[in-house]
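The sequence shown maps to residues 0 to 158 in numbering that gives the first Met the number 0.
Below is one structure; the comments refer to it alone.
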Amino acid sequence: MKNLLRSVLIATGMVAIAGLYSCENSDNDLTETGTAEFTVSVDLADSKSEPADSNSAYMQVLVSVVDREGKPVLTDKLIPVYGFGTSFVSENIEIKAGEYKLIKFMVVDASGKVIFAAPMAGSPMAYLSKKPLPFSFNIVPNQVTRIVPEVLSVGNLTP
0 MKNLLRSVLI ATGMVAIAGL YSCENSDNDL TETGTAEFTV SVDLADSKSE
50 PADSNSAYMQ VLVSVVDREG KPVLTDKLIP VYGFGTSFVS ENIEIKAGEY
100 KLIKFMVVDA SGKVIFAAPM AGSPMAYLSK KPLPFSFNIV PNQVTRIVPE
150 VLSVGNLTP
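The following block contains the structure:
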């Protein structure tokens, strides 16, 4: 009987230690960071911006991101983008690992004019997008997460 009780106590202790160890690792993941990279494919013929050297950051993206509780993480942050043909890739942004929502995304030219924007769900232009904002994404520790919002040419409309 004593051996059975001792075995049960040892097993319970091992389960408790394993549970505490796994919680500790989970907490460490929340402090680790990952990298966000915004990519957008556009047709510059649809905009009135002059193309620039593909090695220069002549355009920027303006982004707003919230965490899963709705707390702002990035608010109207301007991030330089670099052109590669008809695509643009942003500088990498380091963010804590976790779940997020992209709530605003606009492409801004060198003069500060918004030339492309991702439509918001419920907006008049949302029907033109397969995946209007907001949309969710996950940042994984020590990895690059590529975020590719669908944008529309702003033209004469107010973004």
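Note that beta-carbon positions come from the ideal geometry of N, C-alpha and C, so glycine has one too.
Please list, in chain order, all residues of the same chain as T32 whose beta carbon is under 6 Å from its beta carbon, the five residues on each side excluded.
E93, K95
Count the other CB atoms within 10 Å of the CB of K47; is the residue buried (16 or more) or exposed (fewer)?
Residue confidence for K47 is low, a pLDDT of 49 falling below 50, so the modelled location carries little weight; the figure read from the coordinates is stated next. Looking at its Cβ environment, which holds fewer than 16 other Cβ atoms inside 10 Å, K47 is exposed.
Inter-stretch contact at 8 Å, needing at least 3 Cβ pairs: the stretch 103-116 / the stretch 147-154
yes
Just to confirm before moving on: does the CB-CB distance between F37 and I78 stay below 8 Å?
yes
State yes or no: is the C-beta of L101 within less than 8 Å of the C-beta of P118?
no
Any beta-carbon of chain C closer than 8 Å to the one on K70?
Although the question refers to chain C, the structure presented lacks it and comprises just one protein chain.
To the nearest angstrom, how far is the alpha carbon of G97 from that of K76?
19 Å
Start and end residues, beta strand (DSSP E) containing V106
97-107
How long is the line joining the alpha carbons of G82 and G121, rounded to whole angstroms?
31 Å
With a Cβ-Cβ cutoff of 8 Å, do T34 and V143 count as a contact?
yes
Give a yes or no on whether the C-beta atoms belonging to V39 and V64 are separated by under 8 Å.
no
State the start and end residues of the unbroken beta strand (DSSP E) segment that holds R145.
143-146
CA-CA distance, V62 and F115?
12 Å
Is E149 helix, strand or coil when you go by DSSP?
coil
Could you spell out the range, first to last residue, of the beta strand (DSSP E) harbouring N137?
134-138
Residues in its own chain within less than 7 Å of A125 by CB, not counting five upstream and five downstream?
P118, M119, P131
Across which residues does DSSP place L73 in a beta bridge pair?
V64
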